[in-house]
Every structure is written in C-alpha cells, then in structure tokens.
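Peer 1: Sharing a structure, written as structure tokens. Questions coming.
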Amino acid sequence: MGELVRHAWLVARKDLHLEFRSRTAITSALVFTALVLVVFEHGRDPTAVATIDLAPSILWVTFSFAGMLTLNRAFNAELENQALDGLLLAPISRTSLFLGKLVANLAFVAVVQVTGLLLFTLFFNVPVWKVWAPLVSVMILATVGFIAVGTLFSAMVVRTRFAELMLPVLLLPFLLPPLIAAVEVTAKLFAGRPLSEVAGWLRLLAAYDVAFVSLATLLFPATVTE
Amino acid sequence: MTLLRRGRWITGIALLLLGGLYVRALVFTPEERLQGLAQKIYYVHVPSAWSAMLAMGMVGLASILFLLLKDARYDRFASASAEVGTAFSLVMLTTGPLWARPIWGTWWTWDARLTLTLMLFFLFIGYQVLRGAVTDPGLRARYAAVVGICGLVLLPFIHLSVYLFRTLHPMPIVLKPGRPSLPGSMLETLLLSFGVFTLLYVGFVMQRYAIGERSHDA
Amino acid sequence: MTPDVVPPTGGYMVAAYVVAAVILLGYTVVLWRRGGSISKT
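Dropping the structure here:
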C-alpha cells in the first residue's frame, strides 16, 4: 500500500513539475475564466438579471472547461516522444500510474477552479464567503467524479484518431450528473437555502465519486495492457 | 436454423405483435381524461425507453464478461446490443418530445428524465464512435468494454437523479415502490408493450450479432 | 372506443406512433439487407 502511494505520488509529481515549467494549460484556463466572466457580465441587463442568478452557471462553465483542458493535456504530453511506453515499462503498478495521473489532474483543475472562484468574487458582488465551505465541498465532490472518468477515457482516446473530438463525445454523459448536481447545489447555496435541501445532491455526488473513482482505477489496466 | 434466420423470425413475430399492440393501444385502451389522446404515446415511449435501458444494461454486462473471460463473442454481443439500443433510443427521443409538446407546451425541457434519455443516446453514440475510431480489434474490444461498463454504472445514477430533481416529468408510476397506480386496462396494454419491445430487442440483437459474426467486424 | 370528436392532441399521438413504426421498421429493413440472402441449408 505504501509503495502504491509512493509511486502514485512520483507520477503526480512528474506531471506537476512538467506543467509548472510550461504552464500552458493553466494559463489558457485562466484566460478562459476571465473571458467567461467578462462575457457574462456584459451579456446581462444589470437591472433585470442579478449576478447571483448567473453565478452558478458562470462558475460551472468555467470549472468544467478547466477540467476538459486538463484532461486533454494529461496524456498528450506522454504521447510525444513515446513517453507513455516508458512509463508503462517502469516498475510501478498500473494502479499507481492511474492514481498519479488522477492526482495531478485534480491538482491542476483545483488551481484553476480556486483562481476562477477568486476572480469571480473579486469582480462580482456575490456573497461567496458565507457559503465557502459547502461550496468548496461541492467543487471537490463534483470535480473528482468527472475527472476520474476523464482520466480513464483520455488514456484510451489518446491512441485513437480524432482524439480531441473523441474525449468530449465520450465524456459528455458522465459529465452531466455531477454538473447538474453541482449547479443545483451552488444555486441553492447562493440563494441562502438551508443545507438540508442540498443534502440529497451531495450524497449523490459522493456516491458518484466512490463508484467512478473505484471503477476507473479498476478498469485502467485494461486500457494499457498490451 | 442459423442465428440470423431465427433472429429474423423472432423479429417478424415481434413486429406482428407490435401491430397488435398498436391496435390495442389506439383503439381498445381507454383514453386518459386529463391528457387526451396524446397520453397513448406512453405505450410506445415507455417500452422503447425500457428497451434502450435493457440494451445498455446488456452492453455493460457483456463488457464485464468480456474483460473477465476474454471471449470475443461477448464483445460482439455488446456491439450488437449497442446498435440496437441506439435504434430504441431514437424512438424514445422522438416520441418523448411528441408527447411533451401537447402536454407541457414545449418540445423539450432540460428536466432530469429528458436530459438523461439524451445522455443514454449519447452513450450509445459515443460507444459506437469509439469502436469506429480504433482499428486494432483487440484494443477496440477492450476500450469498448471499458466504456460499456462505465455506461452501465452510470444508469442507476440516471435513475436516482430523477427523484432528486424538481421536474415536470410524470413521476414513475409503475416502477416506484408500492403498487403501480395505472388502472387495469391501461396497465395491461403497458405490460404487453414491454413484452413486445423486449421481443423486438431480442430479434434485432440476434440478427445484428449474426451479421457481426459473419463479417468479423463486430 | 375512440371518441367522436378528435381532441387536439390526437395529431401528436398519430405522429408519435408513425415515427416509432418508421424507425423500427426502418431498422428491420437495414438489418435485413445487411444480413443478405441466406442459404436454406
């Protein structure tokens, strides 16, 4: 078990190190976040539409885009120079490899999401701080679910033709439950609804995460076995 | 009799029964007071959704068996079921809005049930697009199996979300806990429709499997 | 039996039943043609 964690961390650290040096994915995600914020702000009639009504959608469009961008990056880096084959030959288990990738992906997405959220609270007058704890919980719960499936799929898709097109097509059905739940909960949080109203959604998200993280970990070896 | 032949026979019988269902539903089943004639779409829409879910379930099951037992026949079956499922999803997605429009005044809403039927359709499409994009048969079978299993696990979340969502969609009145609340004759028609559509599923899959077997292309 | 006056929603019902039949029969034909002619042995 200790070796599993250690190897997974090695893989994650390698990815994080690489990304920190190039910073491409994070930069484009941040630019996109700013873009979304500006577009939505200018698209609304301030007297008719309160920011708070748009807030959940703005946030989650940004967050899911960040996720998609991260996923595309994840295995593309490996495909160049056939680094993926090198990774597979390394004396680490498939499970470690997957978990490492997953952790790295989650770390990237987290950075973008947190930054996006901060930008959002800066530029909009939405009382995020009152509900920051449940909000962050929802962000984590929803993101873990679809990033797990996305990490699994990106491993497969990277070897197909039209890889960039395949991933969103395959992933879409798996994005919807966590996204719908996340937006519903976020909307209720901003509206000041009691937590009891979102408990059901949060349980659904948690169940989704448990199911798909386990499943993705279990199935990953099938995608890279020669 | 070859599999293809038997599949054709079963499909033929199922289509005849479908005709009988049509007559029974359109002519002999009482009209629902509040919704009018459009409510009868129920007898085609609901069983097609059932067949689509069944097809997805079978894809998932076959995918699990394929990964465990490495037998290409399971992969072939999954491929067949996915294609058949797509056809039933199409029926589901076209009859649904035709029912929604007169009853709710809109072709589409993004409520839970409709959104998720669309997802089921995308699952089938994605599965088949993936199969088409991978040239190596071994890799294709494994990748498809992974997606198939994920799709299967997704289904209960689909069903769960329906209950959580504030929705326009009629609450499940047959499969909810407790007794079904459809009056007798309507329930019979509905049960008949389930039988017909299931038989149709079987006939289609048998044919499609046989075709896949022959072309070795799944 | 069917009512004397067709309620406004009848058209949708007909459309739905027709579309469903077209799709199912269409798929039947597709499968039939892909199956090709089969030997009688």
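Protein sequence lines correspond, in order, to chains Z, H and L.
Residues are numbered in our numbering as their position in the first sequence, beginning at 1, plus a constant of 258.
Residues are numbered in our numbering as their position in the second sequence, beginning at 1, plus a constant of 135.
Residues are numbered in our numbering as their position in the third sequence, beginning at 1, plus a constant of 1.
Cβ coordinates follow ideal geometry from the N, Cα and C atoms, glycine included.
1) Relative to the C-alpha of A464(Z), which candidate in A287(Z), T418(Z), T409(Z) and V402(Z) has its C-alpha closest?
2) Give a yes or no on whether the minimum CB-CB distance between S350(H) and chain Z is below 7 Å.
3) Which ranges does the alpha helix (DSSP H) cover as unbroken runs of at least 4 residues, wholly within the region 203–251 of chain H, from first to last along the chain?
4) Name the DSSP bridge partner or partners of E167(H)?
5) For chain L, check one thing: does any of its Cβ atoms lie closer than 7 Å to the Cβ of P237(H)?
6) Can you look up A452(Z) in the DSSP assignment and give me helix, strand or coil?
7) Over what stretch of residues does the alpha helix (DSSP H) that includes G408(Z) continue unbroken?
8) Judging by CA-CA distance, which residue of M321(H), W245(H), V219(H) and G273(H) is the nearest neighbour of S183(H)?
9) Can you look up S328(H) in the DSSP assignment and give me helix, strand or coil?
10) Output, in chain order, the set of chain L residues within a Cβ distance shorter than 8 Å of W234(H).
11) With a cut-off of 8 Å, do at least 3 Cβ pairs link the region 138–147 of chain H to the region 412–424 of chain Z?
12) Using 7 Å as the limit for Cβ to Cβ distance, is L172(H) near chain L?
13) Could you tell me whether the Cβ atoms of L156(H) and S328(H) are closer together than 7 Å?
14) Looking at V297(Z) and T320(Z), is the spacing between their C-beta atoms short of 7 Å?
15) Give me the Cβ distance between L433(Z) and F404(Z), rounded to the nearest whole Å; I'm assuming they're in contact under 8 Å.
16) Against chain H, with Cβ distances strictly below 7 Å, would M259(Z) count as a contact?
17) Measure the Cβ-Cβ separation of V468(Z) and V396(Z) and say whether it is below 7 Å.
18) What span of residues does the alpha helix (DSSP H) with N363(Z) cover, start to end?
19) Would you tell me roughly how many angstroms separate the C-alpha atoms of P237(H) and L329(Z), rounded to the nearest one?
20) Can you list, in chain order, the residues of its chain whose CB lies under 6 Å from that of E167(H), leaving out five sequence neighbours each side?
21) Check whether the region 380–387 of chain Z and the region 404–419 of chain Z are in contact - that is, three or more C-beta pairs closer than 8 Å.
22) To the nearest angstrom, how far is it from the Cα of V456(Z) to the Cα of L299(H)?
23) Between the region 211–231 of chain H and the region 183–193 of chain H, do at least 3 Cβ pairs fall closer than 8 Å?
Peer 2: This is what the structure holds:
1) Numbered from 1 along the first sequence, position 206 holds the residue referred to as residue 464(Z). It is V402(Z) whose Cα lies nearest to the Cα of A464(Z).
2) Indexing the second sequence from 1 puts residue 350(H) at position 215. False, the Cβ-Cβ gap to chain Z never drops below 7 Å.
3) Within the region 203–251 of chain H, the complete alpha helix (DSSP H) runs of at least 4 residues fall at 207–239.
4) On the second sequence, position 32 is the one that residue 167(H) refers to. G171(H), per the DSSP bridge assignment.
5) Counted from its first residue, the second sequence places residue 237(H) at position 102. For P237(H), the nearest beta carbon of chain L is closer than 7 Å to its own beta carbon.
6) In the first sequence, the residue the question calls residue 452(Z) occupies position 194. Note that residue 452(Z) corresponds to Pro in the displayed sequence, not to Ala. Three-state result, P452(Z): coil.
7) Working through the first sequence from its first residue, we reach residue 408(Z) at position 150. Judged by DSSP secondary structure, G408(Z) falls within the alpha helix (DSSP H) whose first and last residues are W390 to V415.
8) Here residue 183(H) corresponds to residue number 48 of the second sequence, with the count starting at 1. Of M321(H), W245(H), V219(H) and G273(H), the residue nearest in Cα terms is V219(H).
9) One-based indexing of the second sequence puts residue 328(H) at position 193. DSSP places S328(H) in helix when its eight states are reduced to three.
10) What you label residue 234(H) is simply residue 99 of the second sequence in a count that begins at 1. Ordered by position in chain L, the residues that pass the 8 Å Cβ test against W234(H) are Y13 and A17.
11) Fewer than three pairs of CB atoms, one per stretch, sit closer than 8 Å, so the region 138–147 of chain H makes no contact with the region 412–424 of chain Z.
12) Numbered from its first residue, the second sequence carries residue 172(H) at position 37. Using beta-carbon distances, L172(H) counts as an interface residue toward chain L, with a partner under 7 Å.
13) Along the second sequence, read from residue 1 onward, the residue named residue 156(H) stands at position 21. Along the second sequence, read from residue 1 onward, the residue named residue 328(H) stands at position 193. By the CB criterion at 7 Å, L156(H) and S328(H) fall inside the cutoff.
14) Locating residue 320(Z) in the first sequence gives position 62, where the first residue counts as 1. Locating residue 297(Z) in the first sequence gives position 39, where the first residue counts as 1. No, the Cβ-Cβ distance between T320(Z) and V297(Z) is not below 7 Å.
15) Within the first sequence, residue 433(Z) is the residue found at index 175, counting from 1. Within the first sequence, residue 404(Z) is the residue found at index 146, counting from 1. For L433(Z) against F404(Z), the beta-carbon gap comes to about 5 Å, under 8 Å, which counts as contact.
16) Here residue 259(Z) refers to the residue found at position 1 when the first sequence is read from its first residue. Chain H has no Cβ within less than 7 Å of the Cβ of M259(Z).
17) Locating residue 468(Z) in the first sequence gives position 210, counting from the first residue. Locating residue 396(Z) in the first sequence gives position 138, counting from the first residue. Going by C-beta atoms, V468(Z) is not nearer than 7 Å to V396(Z).
18) Reading the first sequence from its first residue, position 105 is the one you call residue 363(Z). If you look at N363(Z), you'll find it in the alpha helix (DSSP H) that goes R352 to F381.
19) Counting from one through the second sequence, the residue named residue 237(H) turns up at place 102. Counting from one through the first sequence, the residue named residue 329(Z) turns up at place 71. The alpha-carbon separation between P237(H) and L329(Z) amounts to approximately 42 Å.
20) In the second sequence, counting from the first residue as 1, residue 167(H) sits at position 32. Excluding residues within five positions, the ones whose Cβ falls inside 6 Å are Q174.
21) Too few Cβ pairs lie closer than 8 Å, so no.
22) Looking up residue 456(Z) in the first sequence gives position 198. Looking up residue 299(H) in the second sequence gives position 164. V456(Z) and L299(H): Cα-Cα distance of roughly 10 Å.
23) Verdict: yes, contact present.
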